[in-house]
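**Student:**
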């Protein structure tokens, strides 16, 4: 592959602000990618999503079935103006800039896989390169579209950054539940708490925090975090309102069920503080990305392919979410995540991509596709 071209194109992508709310910027990234693919003769389809966004579906053949689907996201977490403040730069063996590791490195690796695909694989395999515009906000506008494409694929490669210099990939991720819980009590002067009716929303909130935190399970790697807690207006007023935001993460689907049942149980039961009313809103529910038996077999096959080409291959489960969480529920596709070049320190000024991981990444995927062809 042409590494110099990769870095030149990376500069173009990174120097475009494309935070999840910047639809124009995301569409500019889409335009860049679409143009490059058209130059190498691939089919480009722009599928409209809500809010003026678009999903790019790029294929070597128009088909209703794909041997392999690759997916990346074009949005970042960074606000407008970040690209001007911290433009793309190369220092030593790394390159820096907003979104280099999450995940414009993987987006661009997808293009270079396509650009370097041998004619036999290009002719005989059906490959889809998919780019979504909103992964950083949960793929709320694109999920239905990408899931539909995923259900047509045999293998799905999520091109989020690999770990450990590009050698460590991800085949399982935690799922999550997020809730907002509001408490409505009855205000009173704090000096007359024993004399007048009152109900402290903050006290009820405190009970809930203790109860919810007790749901964590270290052995099962189930975590609970009350990340935001607000309530009250003054220290001499019994608080009549409080609110918490809670996130729970879990590796096993049975834990998702346990957590949901417990949350419903305590909110439907009697309050800890008489007179306080509780309202719960589930903001998001994401299933875990679980390694299936078929996936385990295929991972070992890919590991062997990597070894044959002298490419180190490791795996490590991750606690964060990605498109793999929902795509793994589509059809019978085998899903592999963290399959992009190495990047780290996501969502920060220290975010970087490792130059030395780019060529091995592309080489590995070309080998995987060749193996896929030979096993047909």
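Residue numbers (my numbering): 37 to 412. Here a beta-carbon is modelled for each residue, glycine too, at the ideal position from N, C-alpha and C.
(1) Do residue 224 and residue 233 count as a contact pair if the criterion is CB distance below 8 Å?
(2) Just to confirm the assignment: which complete beta strand (DSSP E) runs, minimum length 3, are found wholly within the stretch 234-287?
(3) Kindly confirm or deny that the stretch 71-84 and the stretch 146-163 touch, where touching means at least three C-beta pairs closer than 8 Å.
(4) Can you check whether the CB of residue 65 is closer than 8 Å to the CB of residue 136?
(5) Per DSSP, which one or two residues make a beta bridge with residue 3?
(6) Report, in whole angstroms, the separation of the C-beta atoms of residue 361 and residue 209, which I expect to be a contact under 8 Å.
(7) Does residue 230 pass the burial test, meaning 16 or more other C-beta atoms within 10 Å, or should it be called exposed?
(8) Out of curiosity, what's the CA-to-CA distance linking residue 174 and residue 370?
(9) Beta carbon of residue 193, beta carbon of residue 102: below 8 Å?
(10) Run the CB neighbour count on residue 280, radius 10 Å, all protein chains shown included, and call it buried at 16 or more, exposed below.
(11) Using DSSP with H/G/I as helix, E/B as strand and the rest coil, what is residue 320?
(12) For residue 34, report the span of its alpha helix (DSSP H) as first-last.
(13) Residue range of the alpha helix (DSSP H) that residue 73 falls in?
(14) Can you say whether residue 290 is buried or exposed, counting buried as having 16 or more other CB atoms within 10 angstroms of its CB?
(15) Which word fits residue 263, buried or exposed, when buried means at least 16 other C-beta atoms lie within 10 angstroms of its C-beta?
(16) Using the Cα positions of residue 253 and residue 201, report the straight-line distance between them to the nearest angstrom.
(17) Spatial neighbours of residue 46 within its chain, please: C-beta separation below 6 Å, excluding the five flanking residues on both sides.
(18) For residue 125, which option in 216, 340, 48 has the closest C-alpha, if you only look at C-alpha atoms?
(19) Flag this pair as touching only if the stretch 179-197 and the stretch 374-389 have three or more C-beta atom pairs under 8 Å; answer yes or no.
(20) What is the DSSP secondary structure of residue 303, counted as helix, strand or coil?
(21) When you compare the CB positions of residue 356 and residue 141, do they come within less than 8 Å of one another, or not?
(22) Can you list, in chain order, the residues of its chain whose CB lies under 7 Å from that of residue 319, leaving out five sequence neighbours each side?
(23) For my contact list, residue 338 and residue 404 are in at a C-beta cut-off of 8 Å; report their separation, rounded to the angstrom.
(24) Can you give the Cα-Cα distance for residue 316 and residue 184, rounded to whole angstroms?
(25) I need the DSSP call for residue 45, collapsed to helix, strand or coil.
(26) Residue 401 by DSSP, collapsed to three states: which one?
(27) Tell me which same chain residues have a C-beta within less than 7 Å of the C-beta of residue 257, skipping the five on either side of it?
(28) Identify, in the order they occur along the chain, each residue of the same chain with its Cβ nearer than 6 Å to the Cβ of residue 20, setting aside the five sequence neighbours on each side.
(29) Is residue 52 helix, strand or coil when you go by DSSP?
(30) Given residue 212, which residues of its chain have a CB within under 8 Å of its CB, disregarding the five upstream and five downstream residues?
(31) Just the Cα atoms here: how many angstroms apart are residue 311 and residue 276?
(32) Less than 8 Å between the C-beta atoms of residue 40 and residue 207, yes or no?
(33) Would you grab the beta carbon distance between residue 90 and residue 169 for me? Rounded to a whole angstrom, and I think it's under 8 Å.
(34) Whole angstroms are fine: how far does the CA of residue 98 sit from the CA of residue 67?
(35) Considering only their Cβ atoms, is the gap separating residue 164 from residue 93 smaller than 8 Å?
(36) Strictly by DSSP, which residues pair up with residue 205?
**Tutor:** According to the data block:
(1) In contact: residue 233 and residue 224 (Cβ atoms closer than 8 Å).
(2) Unbroken beta strand (DSSP E) stretches of 3 residues or longer found wholly inside the stretch 234-287: 259-267, 277-286, given in chain order.
(3) Three or more Cβ pairs drawn from the stretch 71-84 and the stretch 146-163 lie within less than 8 Å of each other, which places the two stretches in contact.
(4) Not closer than 8 Å, so no.
(5) Residue 3 is absent from the structure shown; the chain starts at 37 and stops at 412.
(6) Between residue 361 and residue 209, the beta carbon gap of about 6 Å places them in contact (Cβ cut-off 8 Å).
(7) With fewer than 16 other Cβ atoms within 10 Å, it is exposed.
(8) Each residue's alpha carbon lies about 21 Å from the other.
(9) Their beta carbons are not under 8 Å apart, which means residue 193 does not touch residue 102 by this criterion.
(10) In this structure residue 280 is buried. Its beta-carbon is surrounded by 16 or more other beta-carbon atoms within 10 angstroms.
(11) In this structure, DSSP gives residue 320 an extended state, which the three-state scheme calls strand.
(12) Only positions 37 to 412 of the chain appear in this structure, which leaves residue 34 out of reach.
(13) 59-75 is the extent of the alpha helix (DSSP H) around residue 73.
(14) Per the 10 Å Cβ criterion, exposed.
(15) The Cβ neighbour count for residue 263, taken over all protein chains shown within 10 Å, is under 16; the residue is labelled exposed.
(16) Taking the Cα positions, residue 253 is about 31 Å away from residue 201.
(17) Taken in chain order, the residues that qualify are 144.
(18) Among 216, 340, 48, the Cα nearest to that of residue 125 is on 48.
(19) Between the stretch 179-197 and the stretch 374-389 there are three or more C-beta pairs closer than 8 Å, enough to call the two in contact.
(20) Helix, per DSSP.
(21) No.
(22) Excluding residues within five positions, the ones whose Cβ falls inside 7 Å are 214, 215, 216.
(23) Going by Cβ atoms, the distance from residue 338 to residue 404 rounds to 6 Å, so yes, they are a contact pair.
(24) Near 31 Å, if we compare the C-alpha coordinates of residue 184 and residue 316.
(25) Residue 45 falls in the helix class under three-state DSSP.
(26) Residue 401 falls in the helix class under three-state DSSP.
(27) Answer for residue 257: 287, listed in chain order.
(28) Because the chain spans 37 through 412 in this model, residue 20 falls outside it and cannot be assessed.
(29) In the structure shown, residue 52 sits in coil (DSSP, three-state: anything other than H, G, I, E or B).
(30) Contacts found: 283, 284, 285, 286, 320, 321, 322, 357.
(31) Their backbone Cα atoms lie some 10 Å apart in a straight line.
(32) No. Outside cutoff.
(33) Right, the Cβ-Cβ distance comes to about 6 Å (below 8 Å), so this counts as a contact.
(34) Each residue's alpha carbon lies about 20 Å from the other.
(35) For residue 93 and residue 164, yes; Cβs fall inside 8 Å.
(36) Partner(s): 351.
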